[in-house]
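**Student:** The following block contains the structure, expressed as C-alpha cells.
Protein chains in written order, with the working numbering: chain A, 28 to 421; chain B, 228 to 312.
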C-alpha cells in the first residue's frame, strides 16, 4: 500500500562547499559555506532554520572526532549565531546520511520544525588517510588485527573476491563504473575530479590497494560539506526552485552471522525488506526509476545495490553496467554526478543532492531527460543501507 | 577440531592500513571456513605462499601455531594444505 505521507515532505534546496583534498580552511568554514548555499538555494536565510540533523562520525580509525576540525556535529550549528531558535535536532549515531534525512522527514511530518538543515561534512587529515597503529589487539580485533586484516577495504575486497569467483566474473569489468563516473564528474562543477579525465588504460594500470580492488574502485577522500534543506511540500512549493518530493525513505540492517568481517552471504535477501518497502511506499517499480544514485564508497557496493533493488538479477550487475547502459543517455543512468568515486567521499550526501538537482532540472550539462523518479541507495545491502525515492510530482 | 578448513575468500593488501604491517607489504589475508561446521569462519594471513600463486575459493588449508612474542603465546595461522584437494 502506498505510504500515507508520500510526497508530503520535500527537499527544497542543496548547497556545496568547495570540494578539496586537504584544505587550508577549517572544516567548520566548509560547513557554514554549504549551509549558506543550501538556504540561498531556497531563498531562505540561516535564521529560518529551526531543525538540524547530521550523521557526524569520521569514518576512519585515525580520526580524532573534534568538532569543527574533522567532524561537524549538531553542536556546532546550535552554537552558530546566525541559526534561528532550533526546535528540533538529531544526530544519527551509527547510521548513514539517509538516517539523518529520514529523521528530518519524520520531524517535519510531526510538526517538530519547519525548515530542517541536514548536512554531511568530511575531512582529510594531514598524512596518510586512515592508517592506524596498534600495540594490542582487544575484543573482536584479536581475531583480525594479528593478521593485519583491520580495514573496511580489506573486508570489502574479501567479499568482492568471493562474489567475482561465485559468478565467474573478472575485476577488469568494473572499469565501466569508474569510467562512467569520471565522465559524469567531468560535467559537474561540484567534484574533486571536474577537470581530470580517466581512461581505460589508466584504470588497467592503476595500483592495487587490496586486490581485487584497485585505486579507482575506491572513493577519493575529500574535505567538503554538502547540506540540504527539507520542509513540508506546501512550504517548498513557495520557494525558489521546484521541490524534490520524498516518495519513500527507509533503512535496512543485515543480521550479520559474522561481524568480524563482511560476508556478502546474500545481499539480495538482506536488502529485501528495504527494497520492498520502497516500491510499496512509492507505488513505483524498478522500471519506473529514471536514474539511480548508488553508493560507491567501494565500487562493488553499486553492483550489490543494482541486484538487491531488482534492476537486474543475481550476479548480473557486472553485465548490466556495460555498453553504456548506465550512461547519461542509457537505460538507467547511474551516479550522474560522478559518484563518490569521482565527486569525492561525501558518504551518500552527494548522491542525494544530485537526485535533487536532477529532479528540479538543474543538473546543467549532465541533466537527464524527464527524471520523474530517482532512487538513491546508500550504504551497502550486505551491511546496512538506507534508500529514498525522490519524485518531480508529489 | 581438526585444524582443517577451506578458503572462502582472500585479499592481498598492497597499501598500508596498519603501520605494524608495513614491513610485510604486500600480504594476503584469507577467510577460512572450518571443516567442522559450515558458516564457521576464521580470519588468517596466508603463510608460506608465494605472492602471485593462484588462489581459488575452496582450496584446502590447515592450521599451525606460530610463537608470538614472549610468555609462550601462540598465534593460529593457516597455510595451503598440499596433502588434500
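The beta carbon of each residue, even a glycine, is placed where N, CA and C say it ideally should be. Just so we're clear, the structure is a prediction, and the values are computed from it rather than from any experiment.
Anyone know if the C-beta pair for residue 81 (chain A) and residue 101 (chain A) falls short of 8 Å?
**Tutor:** A contact, by the Cβ cut-off of 8 Å.
**Student:** Out of curiosity, what's the CA-to-CA distance linking residue 235 (chain A) and residue 142 (chain A)?
**Tutor:** Answer to the nearest angstrom: the Cα atoms are 45 Å apart.
**Student:** Can you list, in chain order, the stretches of the beta strand (DSSP E) that have 3 or more residues and sit fully within the stretch 362-416 of chain A?
**Tutor:** With a minimum length of 3 residues, the continuous beta strand (DSSP E) runs that stay inside the stretch 362-416 of chain A are 400-406.
**Student:** What are the start and end residues of the beta strand (DSSP E) that includes residue 237 (chain A)?
**Tutor:** Element bounds for residue 237 (chain A): 235-238.
**Student:** For the 8 Å Cβ check, are there 3 or more pairs between the stretch 401-420 of chain A and the stretch 233-242 of chain B?
**Tutor:** No, because fewer than three Cβ pairs between the stretch 401-420 of chain A and the stretch 233-242 of chain B fall closer than 8 Å, the two stretches do not touch.
**Student:** Quick one: give me the first and last residue of the beta strand (DSSP E) that residue 244 (chain B) is part of.
**Tutor:** From DSSP, residue 244 (chain B) is part of no beta strand (DSSP E); its letter is neither H nor E.
**Student:** Taking residue 175 (chain A) as the query, report the chain B residues whose CB atoms sit under 8 Å from its CB, ordered along the chain.
**Tutor:** Those are 240, 244, 245, 247, 248, 251, 254, 256 and 272, listed as they occur along chain B.
**Student:** Using a Cβ-Cβ cut-off of less than 7 Å, give me the residues of the stretch 374-396 of chain A that come near chain B, in sequence order.
**Tutor:** Those would be none; no residue qualifies.
**Student:** Roughly how many angstroms separate the alpha carbons of residue 307 (chain B) and residue 282 (chain B), rounded to a whole number?
**Tutor:** Going by the C-alpha atoms only, they are around 10 Å apart.
**Student:** Rounded to whole angstroms, what is the Cα-Cα separation between residue 300 (chain B) and residue 173 (chain A)?
**Tutor:** Answer to the nearest angstrom: the Cα atoms are 12 Å apart.
**Student:** Using a C-beta to C-beta distance shorter than 8 Å, which residues of chain B count as neighbours of residue 192 (chain A)?
**Tutor:** What residue 192 (chain A) touches in chain B: 236, 283 and 284.
**Student:** For residue 302 (chain B), decide whether its Cβ has a neighbour in chain A, counting only Cβ atoms nearer than 8 Å.
**Tutor:** Yes, its Cβ sits closer than 8 Å to a Cβ of chain A.
**Student:** DSSP three-state call for residue 30 (chain A): helix, strand or coil?
**Tutor:** DSSP places residue 30 (chain A) in coil when its eight states are reduced to three.
**Student:** Which residues does DSSP pair with residue 252 (chain A) in a beta bridge?
**Tutor:** Looking at the DSSP assignment, residue 252 (chain A) forms a beta bridge with A:148.
**Student:** Do you know how far the Cα of residue 280 (chain A) is from the Cα of residue 412 (chain A)?
**Tutor:** Using only the alpha carbons, I get a separation of about 6 Å.
**Student:** With 8 Å set as the bound, which would you pick, yes or no: does the beta-carbon of residue 180 (chain A) sit closer than that to a beta-carbon of chain B?
**Tutor:** Closer than 8 Å to some Cβ of chain B, the Cβ of residue 180 (chain A) qualifies, so yes.
**Student:** Distance cutoff 8 Å, beta carbons only. Does residue 288 (chain A) sit that close to anything in chain B?
**Tutor:** Interface residue, yes.
**Student:** State the beta-bridge partners of residue 38 (chain A) as determined by DSSP.
**Tutor:** Per DSSP, A:257 and A:271.
**Student:** Of all the options A:266, A:384 and A:306, which has the alpha carbon lying nearest to the alpha carbon of residue 315 (chain A)?
**Tutor:** Here the closest residue by C-alpha is A:306.
**Student:** Would you give the residue range spanned by the alpha helix (DSSP H) that residue 126 (chain A) belongs to?
**Tutor:** Its alpha helix (DSSP H) spans residues 124-136.
**Student:** Any C-beta of chain B sitting closer than 8 Å to the C-beta of residue 235 (chain A)?
**Tutor:** Closer than 8 Å to some Cβ of chain B, the Cβ of residue 235 (chain A) qualifies, so yes.
**Student:** Sorted by chain position, which residues of the same chain lie with C-beta nearer than 6 Å to residue 257 (chain B)'s C-beta, five sequence neighbours on each side aside?
**Tutor:** Once the five neighbours on either side are set aside, the close Cβ partners of residue 257 (chain B) are 234, 237, 271 and 273.
**Student:** Apart from the five residues on each side of it in sequence, which residues of its chain come closer than 6 Å, Cβ to Cβ, to residue 402 (chain A)?
**Tutor:** Cβ within range, chain order: 316, 319 and 416.
**Student:** Let me make sure I understand the geometry here. Which of A:282, A:409 and A:387 has the alpha-carbon closest to that of residue 330 (chain A)?
**Tutor:** Here the closest residue by C-alpha is A:409.
**Student:** Below 9 Å on C-beta distance, what does residue 170 (chain A) contact in chain B?
**Tutor:** Correct list: 269 and 270.
**Student:** Inspect the CB distances between the stretch 188-201 of chain A and the stretch 232-246 of chain A and report whether three or more fall short of 8 Å.
**Tutor:** Result yes; three or more Cβ-Cβ pairs closer than 8 Å.
**Student:** Could you tell me whether any Cβ in chain B is nearer than 8 Å to the Cβ of residue 341 (chain A)?
**Tutor:** Answer no: the Cβ-Cβ gap between residue 341 (chain A) and chain B never drops below 8 Å.
**Student:** What is the DSSP secondary structure of residue 298 (chain B), reduced to helix, strand or coil?
**Tutor:** The answer is coil: DSSP assigns residue 298 (chain B) none of H, G, I, E or B.
**Student:** So which residues on chain B does residue 89 (chain A) lean against when the C-beta distance must stay under 9 Å?
**Tutor:** Those within 9 Å of residue 89 (chain A) in chain B number zero; the least Cβ separation is about 10 Å.
**Student:** I believe residue 170 (chain A) touches residue 71 (chain A) by the beta-carbon criterion, under 8 Å. Please report the beta-carbon distance rounded to the nearest angstrom.
**Tutor:** About 51 Å; that fails the 8 Å criterion.
**Student:** Going straight from the alpha carbon of residue 347 (chain A) to that of residue 96 (chain A), what length do you get?
**Tutor:** When rounded, the distance between both Cα atoms is 41 Å.
**Student:** Got a sec: is the Cβ-Cβ distance from residue 247 (chain A) to anything in chain B below 8 Å?
**Tutor:** Judged by the 8 Å Cβ criterion, residue 247 (chain A) is not in contact with chain B.
**Student:** Quick one: residues in its chain with C-beta nearer than 7 Å to the C-beta of residue 69 (chain A), no 5 flanking neighbours on either side, listed in chain order?
**Tutor:** 39, 40, 256, 266 and 267, listed in sequence order.
**Student:** Could you check how far apart the C-beta atoms of residue 383 (chain A) and residue 271 (chain A) are, in whole angstroms? I think they sit under 8 Å.
**Tutor:** Confirmed, Cβ separation roughly 4 Å.
**Student:** CB-CB under 6 Å to residue 323 (chain A), same chain, minus the five flanking residues each way: which ones, in chain order?
**Tutor:** Around residue 323 (chain A): 329, 366, 367 and 368.
**Student:** Taking C-beta pairs closer than 8 Å, name the residues in chain B that residue 159 (chain A) reaches, listed in chain order.
**Tutor:** Under the 8 Å cutoff, chain B gives 244, 245 and 246.
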